[in-house]
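Below is one structure; the comments refer to it alone.
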Amino acid sequence: ILHHDLSPLIFSVRTERLDKFKYTALTMSYNPLILLSYAAIAGLWVGCQVVEIPYVANLMLLVTSILYAACHWSLTLREEQALARGESPPKEKDDDGKDKEGDDDDEEEEERPQYETLTSKDAMQFPLLGSASLFGLYCAFKFFDKETVNLIISVYFSLVGIAAITATLGPALESVGPKFLSKEIKMKHFLPESIGGKSPWVFNVSDIFALMGGVAFNVAYFQSKHWTMNNVLGICFCLQGIERFSLGTYKIGAILLVGLFFYDIFWVFGTDVMVTVAKSLDGPIKILFPRSLTPDATTGKLEMSLLGLGDIVIPGFFLALLLRFDAHNANVDYFPTNVHASFPKPYFHSALIGYVLGLATTLYVMIVFEAAQPALLYLVPACLGSSLLCAVVRGEMKALFDYSEEEEEEEEEQKDEADKKKD
70 ILHHDLSPLI
80 FSVRTERLDK
90 FKYTALTMSY
100 NPLILLSYAA
110 IAGLWVGCQV
120 VEIPYVANLM
130 LLVTSILYAA
140 CHWSLTLREE
150 QALARGESPP
160 KEKDDDGKDK
170 EGDDDDEEEE
180 ERPQYETLTS
190 KDAMQFPLLG
200 SASLFGLYCA
210 FKFFDKETVN
220 LIISVYFSLV
230 GIAAITATLG
240 PALESVGPKF
250 LSKEIKMKHF
260 LPESIGGKSP
270 WVFNVSDIFA
280 LMGGVAFNVA
290 YFQSKHWTMN
300 NVLGICFCLQ
310 GIERFSLGTY
320 KIGAILLVGL
330 FFYDIFWVFG
340 TDVMVTVAKS
350 LDGPIKILFP
360 RSLTPDATTG
370 KLEMSLLGLG
380 DIVIPGFFLA
390 LLLRFDAHNA
400 NVDYFPTNVH
410 ASFPKPYFHS
420 ALIGYVLGLA
430 TTLYVMIVFE
440 AAQPALLYLV
450 PACLGSSLLC
460 AVVRGEMKAL
470 FDYSEEEEEE
480 EEEQKDEADK
490 KKD
């Protein structure tokens, strides 16, 4: 998922990216919880380096903040999906109240943003592919030099990390910096589209500064592998992944979660593979939480607890889908996207509460039994159960299962089925 979502950004810093912060400027109304989430992420990252924050509280607050912020920014996918369906944003009005005529309509048509969705086939294959990748890493650490394996993986994560930091930092600089940072630049390239994206590359001056910052940060991380820098990359991966990826439908999300439910149980309880890879792999595939700021007398290192990114990102995809379903039910406008818009969010809130309770249960069982736990064992029933309960109470079970962000594909399938019946 990380490679599929972020690798094109390595070569195309701003390929078909929506100007997120430009949309929030259209209204003076801000969602204070989104701002509080970002403040909590930054505050916990800094605070846990100087003050001994109980790792359970640190983990719960940080993960909840990441999910809340990222899921709300995923609302920008609704605009991309509307454009992909052929809908057009309302034209700007001139001083006389008439529509402004644009000369670059064709160019805008070509630059429509694309979004990633998962198919039911992908969802069913995902646990198998994940198992193959996990076991492959396990074998690599067992039969090859551990440092060499980590070196190869670190190079890959450094490249993807540059993309993630650039995509996260660029809009922030554009929002708070001087106006010249918003200047748009176009650059033609001759790389294959699968590697470099569409030509020309379109980016802002802010993206150039963000790219330089991303490169400098990842060079420093590659050399030091400090746990605080690992967490920055992990947080950026979570934010960008959840913001950019769509599960397509509730049913596909349920298939994915159920498949990974059994995947997690097998590889944690049935073998030592998951734990071995998590402890051996020296890369930002997890977020680390210090239990104490006093180094261990024997090893000289801090004692850490960890949470894998998959335990944040996979449920995050599901929560983001439910939030967009809430926006759909509330008839929130597609154009322009306003992630701070206020509307009822019963499915998102119920699933988020379910996630928090599931995560708390995971930590409780882990502490009581003093053994690693497959987080999805508790998170999957919590997320699915809370959302289904909300649908039952509201009498919207059919609407929930009918909701789709792949309308064009579904229409084609229905036509094909109709043609087959005629034949």
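Quick note on this note's numbering: the sequence shown kicks off at 70 and runs consecutively. Even glycine gets a Cβ: it sits at the ideal position worked out from N, Cα and C. Remember, predicted model here, so these are calculated numbers, not experimental data.
Can you look up residue i in the DSSP assignment and give me helix, strand or coil?
i, result
"T186", "strand"
"L316", "coil"
"V337", "helix"
"S455", "helix"
"N273", "strand"
"S157", "coil"
"S473", "strand"
"N300", "helix"
"Q442", "coil"
Less than 6 Å between C-beta atoms, sequence neighbours within five positions excluded: which residues of the same chain meet that for residue i?
i, result
"Y290", "M298"
"S275", "G239, L242, E243 and L250"
"T186", "S315, G317 and E475"
"A389", "C140, S143 and I311"
"E105", "Correcting the residue type first, residue 105 is Leu in the shown sequence and not Glu. Cβ within range, chain order: n/a, list empty."
On a CA-only basis, which of the options is nearest residue i? Give me that one, please.
i, options, result
"E312", "A285, L357 and Y137", "Y137"
"T217", "L350, L432 and Q150", "L350"
"Q442", "V344, N407 and A460", "V344"
"G230", "S98, D402, F286 and G369", "F286"
"V425", "M129, Q292, Y124 and V115", "M129"
"G427", "I334, R360 and G454", "G454"
"F335", "F204, L152 and Q150", "F204"
"K211", "H409, V346, D471 and A396", "V346"
"K294", "A429, I222 and V337", "I222"
Could you check whether the Cβ of residue i sits closer than 8 Å to any Cβ belonging to chain B?
i, result
"V462", "No chain B appears in this structure, which consists of one protein chain only."
Can you give me the Cβ contacts of residue i inside the same chain, cut-off strictly under 8 Å, excluding the 5 residues immediately before and after it?
i, result
"L329", "F195, P196, G199, G379, I383, L445 and V449"
"A209", "V218"
Just the C-alpha distance for residue i and residue j, rounded to the nearest angstrom, thanks.
i, j, result
"P405", "S157", "11 Å"
"E148", "F417", "19 Å"
"A192", "A201", "15 Å"
"I321", "S456", "14 Å"
"Q309", "G283", "14 Å"
"M373", "F259", "45 Å"
"G464", "L458", "10 Å"
"C117", "P247", "32 Å"
"Y472", "K215", "46 Å"
"T235", "F278", "8 Å"
In chain order, what residues of the same chain lie with their CB nearer than 7 Å to the CB of residue i, ignoring the 5 residues before and after it?
i, result
"E253", "V271 and N273"
"E121", "S361 and L362"
"G303", "P353, K355, I356 and L378"
"E177", "At E177 the pLDDT is 46, less than 50, meaning the model places this residue with poor confidence and gives no usable figure here."
"P413", "D395 and A399"
**OP:** Could you tell me which uninterrupted beta strand (DSSP E) segments, each at least 3 residues in length, are contained entirely in the region 352-438, listed from first to last along the chain?
**Re:** Within the region 352-438, the complete beta strand (DSSP E) runs of at least 3 residues are 355-359 and 373-377.
**OP:** Could you name each continuous alpha helix (DSSP H) segment of 4 residues or more that falls completely within the region 118-149, going from the start of the chain to the end?
**Re:** Fully enclosed alpha helix (DSSP H) runs of 4 or longer: 124-142.
**OP:** Within the region 234-271, note down every full alpha helix (DSSP H) run reaching 4 residues or more, in order along the chain.
**Re:** Within the region 234-271, complete alpha helix (DSSP H) segments of at least 4 residues are found at 262-265, given in chain order.
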